[in-house]
Amino acid sequence: MNPAPAELSSRSGPGADLVVRGARLLDPRTDLDAVRDLVVRGGEIAELAEPGSAPESEGVELVEGEGKLVVPGFVDPHVHLRTPGDEHEEDIETGTRAAAAGGFCAIVAMANTTPPIDSASVLGSLRERAEREACVPVGFVANVTRAMAGEELTEMADLREAGAVGFSDDGLPLTDARVLRRALQYQRLVGATIALHEEDPALSGDGVMHEGEVSAVLGLAGIPEVSESTMIARDCSLALYEQARIHVQHLSARASVEEIARAKATGTLVTCEATPHHLVLTDAAVRSLDASFKMNPPLRSEQDRQALIDGLRDGTIDCVATDHAPHALEEKEVPFEQAAMGVTGLETAFAVLSTELVGPGMLTLETLIERMTAGGEPFGIPAPRIEAGAAANLALIDPALEWVVGDDGYESRSLNSCFAGRELTGRVLMTVAAGRVAYRQRAFAMGVAG
Ligand SMILES: [Zn+2]
Ligand SMILES: [Zn+2]
5 MNPAPAELSS RSGPGADLVV RGARLLDPRT DLDAVRDLVV RGGEIAELAE
55 PGSAPESEGV ELVEGEGKLV VPGFVDPHVH LRTPGDEHEE DIETGTRAAA
105 AGGFCAIVAM ANTTPPIDSA SVLGSLRERA EREACVPVGF VANVTRAMAG
155 EELTEMADLR EAGAVGFSDD GLPLTDARVL RRALQYQRLV GATIALHEED
205 PALSGDGVMH EGEVSAVLGL AGIPEVSEST MIARDCSLAL YEQARIHVQH
255 LSARASVEEI ARAKATGTLV TCEATPHHLV LTDAAVRSLD ASFKMNPPLR
305 SEQDRQALID GLRDGTIDCV ATDHAPHALE EKEVPFEQAA MGVTGLETAF
355 AVLSTELVGP GMLTLETLIE RMTAGGEPFG IPAPRIEAGA AANLALIDPA
405 LEWVVGDDGY ESRSLNSCFA GRELTGRVLM TVAAGRVAYR QRAFAMGVAG
């Protein structure tokens, strides 16, 4: 049984009327790869017309698409909006604007907020707020356990009723197997996926980076890959036993990819994600002791990175997630050991993966688009499609535009990008989410880009 269609929250408004002229339209799901005039009327894709044939009419915006790429909008299954409680780091408005700037037309927000989203009343007021502030639709997960204490289950049925798209205590693992087992039994009844941050705290200890050669050289406490992979093995076994559906978050290690492949082969209802930073960087970056490279799970070895790329290519890894985790500067501008874990990622995800994996031929553009649009599926958010009659969920990309991350600032309220200063090729110029224009890149909006 697939998850039921999710309830997403965002601002409402009139649908866009526009024509993107002569762009390459690429949608791997519908086998679409052609230069067309894309006609959007009232927020819906009306027509994929032969180039030059779309009529000009009043009140319709014309967008010059020559040399540009139009793909289905991306869906991020793993974002921290820091709301409620830490709006100085991110709020719904800045977080969804960052999403739109990265080409995302929908995101799933995590529940490790202050307070955490462990009751229908917290979830209800958050959804109301998103209906005023969110420029792309947001699906909210609710906590698995009360106060994220890992002991007592939340009222999962009530939370589902109140619009939770799934359940997660992300930020923390569910260490008690008995608690997870009961949650899985409820999951089967209420029908939303449980997303799991897989880590054994007894093995992670006070580790601050990947346990390996680099941690040994630096003399820093390490987090071994088995901290993640042994928990994935346990939780996949439990999910199979209970016939429940789980989604494993931010895979970082080769052993983890192997556990997922094994679980899928035995019929476990499991999906999983990997982040751009784990797909592109390794623990070698930590030699700089720059806290921009500190996150949990940590950047691992080149072997691990290659296994993640292989897993993304062959479908063992279902989707890309950013794990966008904004932090205030004072949490990052401290010695490495004391710095907070986490990096932003929404605004750079496509450009980073396109530049670093598609450019050198390690992944096809079609596979990247497929994996970046599939992230909502575990939570009942269907992957957007470019076809007549569908709601317009689109990203317009200049595949040749070169830019430097951070040079013209960020839409996110936080600055902790691990790709700051990196030269990338390919940039999102415009995003249409749920039929409305959610973002225009500044230079493009002024008509000077490309
Ligand atoms: Zn996590
Ligand atoms: Zn997270």
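End of the sequence shown = 454 in this note's numbering, gap-free, step of one. Backbone N, C-alpha and C fix where the C-beta goes; we use that ideal spot for every residue, glycine too. Because the structure is a prediction, the values reported are computed rather than measured.
Note down, in chain order, each residue of its chain lying with its Cβ closer than 7 Å to the Cβ of residue i, except the 5 sequence neighbours on either side.
i: Pro228; result: Leu207, Glu215
i: Val409; result: Thr352, Ser421, Phe423, Ala424, Gly425, Arg426, Leu428
i: Asn6; result: Reliability fails at Asn6, whose pLDDT of 47 lies under 50, so the model's placement of it is uncertain and the value that follows must be treated cautiously. There are no such residues.
i: Ala453; result: Reliability of the predicted coordinates at Ala453 is poor, the pLDDT of 41 falling under 50, and no value is obtained from them.
i: Val148; result: Leu157, Thr158, Phe171, Ser172, Asp173, Leu178, Ala187, Ile198
i: Ala288; result: Val218
i: Gly226; result: Gly211, Met213, His214, Glu215, Gly216, Ser219
i: Ala166; result: Ala124, Leu127, Gly128
i: His92; result: Ala332
i: Leu303; result: His214, His281, His282, Leu285, Thr286, Asp287, Ala289, Val290, Phe297
i: Arg238; result: Ala181
So, at 6 Å on beta carbons, what are the nonlocal neighbours of residue i in its own chain, with the 5 sequence-adjacent residues on each side left out?
i: Val324; result: Arg375, Met376
i: Leu357; result: Pro280, Leu372
i: Pro88; result: Thr117
i: Leu176; result: Met152
i: Gly69; result: Val24, Arg25, Gly26, Ala27
i: Arg309; result: Thr286
i: Glu370; result: Pro32
i: Ile264; result: Cys276, Thr320
i: Arg185; result: Leu242
i: Ser16; result: none
i: Arg249; result: Thr197, Leu273
With burial defined as no fewer than 16 other Cβ atoms inside 10 Å of the residue's Cβ, what is the status of residue i: buried or exposed?
i: Gly46; result: exposed
i: Val338; result: exposed
i: Gln307; result: exposed
i: Ala220; result: exposed
i: Gln342; result: exposed
i: Val252; result: buried
i: Glu277; result: buried
i: Thr182; result: A quick correction: the sequence has Arg, not Thr, at residue 182. Its Cβ having fewer than 16 others within 10 Å, Arg182 is exposed.
i: Ala115; result: buried
i: Ala270; result: Checking the displayed sequence, the identity of residue 270 turns out to be Thr instead of Ala. Thr270 is exposed by the Cβ-count criterion.
i: Ser61; result: exposed
i: Thr368; result: exposed
CB-CB under 8 Å to residue i, same chain, minus the five flanking residues each way: which ones, in chain order?
i: Val39; result: Gly26, Ala27, Arg28, Leu29, Pro55
i: Glu432; result: According to the sequence shown, residue 432 is Val rather than Glu. So the qualifying residues of the chain are Ala105, Gly106, Gly107, Phe354, Ala355, Ala399, Leu400, Ile401, Tyr443, Gln445.
i: Gln247; result: Arg192, Leu273
Cβ of residue i within 8 Å of Cβ of residue j?
i: Gly363; j: Asp402; result: no
i: Ala187; j: Ser14; result: no
i: Asp204; j: Ser231; result: yes
i: Arg131; j: Ala387; result: no
i: Asp174; j: Ala199; result: yes
i: Ile96; j: Glu137; result: yes
i: Asp327; j: Gly349; result: yes
i: Ile390; j: Val74; result: yes
i: Glu262; j: Met235; result: no
i: Pro76; j: Asn300; result: no
i: Pro330; j: His82; result: no
i: Thr275; j: Pro382; result: yes
i: Ser260; j: His282; result: no
i: Val284; j: Val44; result: no
i: Val50; j: Asp80; result: Rather than Val, the amino acid found at residue 50 in this sequence is Ala. Cβ atoms of Ala50 and Asp80: not closer than 8 Å.
i: Val296; j: Gly99; result: The identity of residue 296 in the sequence shown is Ser, whereas the question assumes Val. Result no, Cβ atoms of Ser296 and Gly99 do not sit closer than 8 Å.
i: Ala113; j: Val142; result: yes
i: Ser418; j: Glu155; result: no
i: Ala311; j: Arg266; result: no
i: Gly393; j: Glu11; result: no
i: Val67; j: Gly384; result: no
With which residues is residue i paired in a DSSP beta bridge?
i: Thr429; result: Glu406
i: Pro76; result: Leu398
i: Arg40; result: Ala27
i: Val436; result: Leu398, Val441
i: Gly71; result: None, per the DSSP bridge assignment.
i: Ile49; result: Val44
i: Ser13; result: Val142
i: Glu65; result: Leu22
i: Thr100; result: Its beta-bridge partners do not exist; DSSP assigns none.
i: Ala113; result: Val83, Phe144
i: Thr149; result: Leu157
- Taking the runs of the beta strand (DSSP E) that are 3 residues or longer, which of them lie wholly in the stretch 247–309? Correct list: 249–252, 273–278.
- Query: Whose CB is closer than 5 Å to a heavy atom of ligand 3? List the residues in chain order.
  - Reply: Absent from the structure shown: ligand 3. Ligands present: ligand 1 and ligand 2.
- Task: Write down every uninterrupted run of the beta strand (DSSP E) in the stretch 154–203 whose length is 3 residues or greater and which is fully enclosed by it, in chain order.
- Result: 170–172, 198–200
- Item | Runs of beta strand (DSSP E) lying entirely within the stretch 359–425, each at least 3 residues, in chain order | 398–408
- Could you name each continuous beta strand (DSSP E) segment of 3 residues or more that falls completely within the stretch 310–356, going from the start of the chain to the end? none
- Message: For a minimum of 4 consecutive residues, which ranges assigned as the alpha helix (DSSP H) are wholly contained in the stretch 211–251?
- Response: 217–222, 230–246
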